[in-house]
Amino acid sequence: MMPPAPLAAMLILPSAPSLRPRLGLGPSSSRARGAALHALPRRLELWHPRLAAVESGPPSSQSSAPPPQPSSELLGGIPGLDAGFGGGGGGGGGDRGGDADLGWVRAFPHVLTASMANFLFGYHIGVMNGPIEDIARELGFQGNPFLQGLVVSIFIVGAFFGSLGSSALVDYLGCRRTLQIDSIPLILGAFISAQAHSLDEMLLGRFLVGIGIGVNTVLVPIYISEVAPTKYRGTLGTLCQIGTCLGIIAALSLGIPSESDPHWWRTMLYAACVPGFFIVVGMQFAVESPRWLAKLGRLDDARKVVDNIWGVSEAEKAMEEMKSVVANDDSQASWSELLAEPHNRVALIGGSLFFLQQFAGINGVLYFSSLTFRDVGITSGILASLYVGVTNFGGALVASNLMDKQGRKNLLIGSYLGMAFAMFLIVFSISFPLDEGVGHTLSVTGTLLYIFSFALGAGPVTGIIIPELSSARTRSKVMGFSFTVHWICNFVVGLYFLELVKLFGVGAVYAGFGGVSLLSALFAYNFIVETKGRSLEEIELSLSPAAPGEQK
1 MMPPAPLAAM LILPSAPSLR PRLGLGPSSS RARGAALHAL PRRLELWHPR LAAVESGPPS
61 SQSSAPPPQP SSELLGGIPG LDAGFGGGGG GGGGDRGGDA DLGWVRAFPH VLTASMANFL
121 FGYHIGVMNG PIEDIARELG FQGNPFLQGL VVSIFIVGAF FGSLGSSALV DYLGCRRTLQ
181 IDSIPLILGA FISAQAHSLD EMLLGRFLVG IGIGVNTVLV PIYISEVAPT KYRGTLGTLC
241 QIGTCLGIIA ALSLGIPSES DPHWWRTMLY AACVPGFFIV VGMQFAVESP RWLAKLGRLD
301 DARKVVDNIW GVSEAEKAME EMKSVVANDD SQASWSELLA EPHNRVALIG GSLFFLQQFA
361 GINGVLYFSS LTFRDVGITS GILASLYVGV TNFGGALVAS NLMDKQGRKN LLIGSYLGMA
421 FAMFLIVFSI SFPLDEGVGH TLSVTGTLLY IFSFALGAGP VTGIIIPELS SARTRSKVMG
481 FSFTVHWICN FVVGLYFLEL VKLFGVGAVY AGFGGVSLLS ALFAYNFIVE TKGRSLEEIE
541 LSLSPAAPGE QK
């Protein structure tokens with residue numbers, strides 16, 4: 001069986017220093033700002049000093065204003081939400097003396113609704129894991145491994161095209177409407193697949209689903225990064241990975257009856273239509289990204305969103321930061337801008353992160369995990385996949401707790417080091433003469449440790465940090481490019497993994513995965529900027545060779 005798509009892509013400490021407003025500056029503040037900008041390196045070859053500047057800024061003072069009490073109507077139309085919790089949009093509010101820190105609550109319904117798209121992503125990863133043989137038998141291509149692999153991999157081809165086209169939709173329609181429209185191919189593709197009576201119908205349905213998933217994997221991290229309060233952006237961003245894990249677990253659990261019912265796969269695919277309807281309805285009550293509204297010049301609408309989900313005490317500072325980035329720049333970015341500074345460096349980092357993520361071996365480990373569990377007596381492929389899914393989910397939960405405490409960079413480095421150790425542990429169990437029971441135990445331990453380590457950082461951080469490093473102008477383009485690289489690498493690894501195992505053996509291939517994991521940790525140490533506790537606008541201004549509007 002072809003390996004499923006990876007669980008990533010598919011997977012609070014210092015506050016941000018205040019930015020001075022760019023509109024209406026006095027002479028002294030203008031001179032100060034000009035001097036500060038002159039001090040910034042003008043070329044991105046001096047990236048590391050600039051990263052240090054981002055990471056070492058002093059924390060901002062907490063706002064002493066009491067939390068606001070907006071109505072449920074202003075909370076995106078979601079009733080029943082207690083409006084008495086603190087804000088935290090700029091890394092500040094939300095803590096009130098000894099009270100619980102609940103500044104994330106206002107944004108949570110909105111990002112939770114968007115992350116349902118990742119649940120659907122995970123569901124479509126897992127839905128083919130068990131019943132592919134039954135599908136092949138009923139549709140007349142049983143015993144043809146190429147066609148079985150095509151049914152699985154056509155999903156990736158569709159996702160490739162979806163990622164390429166996503167940026168135009170997001171820039172023109174905004175995140176909210178794009179999520180609703182993108183549910184159409186997801187619902188239609190699942191329905192066509194469920195009622196398919198030929199291979200062509202199944203391939204068409206899977207291709208349409210892939211297009212929808214390709215758009216959503218780009219869109220949801222952008223939406224969460226732009227809607228979530230700064231202080232909780234990392235934690236809420238892990239909902240992408242958590243949603244993917246829950247979708248996989250749901251598909252595998254729902255697929256258990258397929259072991260006794262050869263037609264159960266149709267029920268599973270019909271069930272895939274339901275989350276799409278929830279997304280369409282739920283996003284009708286969700287807020288639009290305030291950054292997208294500000295880019296269009298709809299500052300009053302952006303201010304209303306910020307007031308509602310971040311708190312009035314944070315709104316003034318947040319709006320000044322947005323104005324400092326989008327002022328006098330209402331045009332749409334082009335793909336060619338990714339070749340210019342500073343966007344070229346961010347795009348290179350985004351593409352490299354997904355390249356390294358895929359060639360660190362997540363697809364190979366997922367494929368081989370069923371054989372590893374079979375060696376210790378777990379013969380059910382679905383049960384083995386459930387063990388992997390639950391481990392991945394556990395790691396994602398831990399990551400959600402650590403993302404805004406330890407930071408993205410530390411989690412990414414630690415994740416890849418853990419993955420490297422796990423790979424070398426499996427290689428040791430395969431390559432050295434050990435007691436059979438001991439060897440199998442080490443293999444299973446290494447596999448689960450690898451999945452857990454992946455879920456801690458390599459899965460969730462990769463999707464979170466790319467939109468954080470991207471500018472407001474090119475964020476959708478950088479994400480579209482990065483995920484396009486992801487799907488290409490995903491396809492290549494899935495295509496050649498078994499051939500490499502036949503040529504060099506599992507031990508050598510896993511040793512290669514371990515080496516790439518070490519290289520990924522080194523890459524993260526040298527090129528990734530820590531973004532926790534920093535607003536998107538502050539990060540953008542710090543990494544730009546000149547402030548917006550002053551570049552010649």
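Going by the UniProt record's numbering, 235 is the number at position 235 of the sequence shown; the sequence numbering is gapless.
Backbone N, C-alpha and C fix where the C-beta goes; we use that ideal spot for every residue, glycine too.
Rank the options by C-alpha distance to the C-alpha of residue i and give the top, closest one.
i: Arg-534; options: Ser-193, Ser-167, Tyr-172, Arg-233; result: Arg-233
i: Leu-425; options: Tyr-510, Ser-336, Ala-194, Tyr-223; result: Tyr-510
i: Ala-136; options: Pro-257, Val-485, Leu-203; result: Leu-203
i: Ala-271; options: Leu-139, Gly-297, His-124; result: His-124
i: Leu-417; options: Pro-185, Gly-494, Pro-290, Ser-520; result: Ser-520
i: Leu-353; options: Ile-466, Ile-192, Trp-104; result: Ile-466
i: Ser-542; options: Gln-284, Ser-470, Val-485; result: Ser-470
i: Arg-177; options: Gly-494, Phe-207, Gln-284, Ala-333; result: Gln-284
i: Leu-383; options: Leu-522, Ala-117, Gly-126, Gly-103; result: Gly-126
i: Leu-293; options: Phe-355, Lys-477, Glu-226; result: Glu-226
i: Tyr-172; options: Gln-332, Val-105, Glu-320, Glu-138; result: Gln-332
i: Met-268; options: Val-306, Gly-351, Gln-358, Ser-193; result: Ser-193
i: Thr-474; options: Glu-540, Ser-253, Leu-412; result: Glu-540
i: Ser-313; options: Cys-273, Gly-103, Gly-247; result: Gly-103
i: Ser-289; options: Ala-114, Gly-174, Gly-205; result: Gly-174
i: residue 557; options: Leu-518, Leu-536, Val-105; result: Only positions 1 to 552 of the chain appear in this structure, which leaves residue 557 out of reach.
i: residue 608; options: Leu-522, Leu-503, Phe-373; result: What is shown of the chain runs 1 to 552, which leaves residue 608 out entirely.
i: Val-501; options: Val-427, Arg-291, Ser-415, Asn-308; result: Val-427
i: Ile-187; options: Ala-396, Phe-277, Ser-369, Leu-169; result: Phe-277
i: Ser-415; options: Ser-369, Gln-357, Leu-434, Pro-109; result: Gln-357
i: Glu-337; options: Phe-432, Ala-251, Ala-472; result: Ala-472
i: Met-319; options: Asp-261, Arg-291, Pro-433; result: Arg-291
i: Val-170; options: Lys-477, Cys-489, Ser-544; result: Lys-477
According to DSSP, simplified to helix, strand and coil, what is residue i?
i: Val-325; result: helix
i: Phe-513; result: helix
i: Gly-457; result: helix
i: Ile-466; result: helix
i: Glu-138; result: helix
i: Thr-113; result: helix
i: Ser-443; result: helix
i: Lys-409; result: helix
i: Ile-486; result: The amino acid at residue 486 is misidentified as Ile; the sequence shows His. Helix.
i: Phe-354; result: helix
i: Gly-533; result: coil
i: Met-268; result: helix
i: Thr-474; result: coil
i: Glu-499; result: helix
i: Gly-255; result: coil
i: Gln-148; result: helix
i: Ser-369; result: helix
i: Phe-432; result: coil
i: Pro-185; result: helix
i: Pro-131; result: coil
i: Gly-24; result: Any reading at Gly-24 is ruled out, since the residue's pLDDT is 38, under 50, leaving its predicted position unreliable.
i: Ile-426; result: helix
Cβ atoms of residue j and residue i: under 9 angstroms apart, would you say?
i: Gly-514; j: Met-403; result: no
i: Ile-217; j: Ala-159; result: The question names Ile, yet the displayed sequence has Thr at residue 217. Going by C-beta atoms, Thr-217 is nearer than 9 angstroms to Ala-159.
i: Ala-455; j: Gly-394; result: yes
i: Met-322; j: Leu-339; result: no
i: Thr-230; j: Ile-464; result: no
i: Gly-210; j: Gly-189; result: yes
i: Val-516; j: Ala-360; result: yes
i: Ile-279; j: Ala-107; result: no
i: Leu-139; j: Ala-196; result: yes
i: Gly-350; j: Val-485; result: yes
i: Ile-248; j: Asn-410; result: no
i: Thr-531; j: Gly-407; result: yes
i: Gly-165; j: Ser-258; result: no
i: Phe-207; j: Phe-141; result: no
i: Ile-309; j: His-110; result: yes
i: Ser-115; j: Ile-224; result: yes
Contact criterion: CB-CB distance below 9 angstroms. Does residue i meet it with respect to chain B?
i: Ile-451; result: In the structure shown, chain B does not exist; there is a single protein chain.
Query raised in the report: Counting pairs of beta carbons, one from the region 521-528 and one from the region 437-450, are three or more of them closer than 8 angstroms?
Result: no
request  = Taking 8 angstroms as the threshold, find out whether the region 380-399 comes into contact with the region 468-488 through three or more Cβ pairs.
outcome  = no
| Three or more beta-carbon pairs under 8 angstroms between the region 145-152 and the region 454-465, yes or no? | no
Q. At what residue ranges does the region 214-248 contain a whole run of the alpha helix (DSSP H), taking only runs of 4 or more?
A. 233-237
Ignoring anything shorter than 4 residues or poking outside the region 292-350, list the alpha helix (DSSP H) runs there in chain order. 299-309, 312-326
| message | Measuring CB atoms only, is the region 218-229 touching the region 331-345, in the sense that at least three cross pairs come out at less than 8 angstroms? | response | no
Is the number of C-beta pairs between the region 486-496 and the region 397-416 that are closer than 8 angstroms three or more? no
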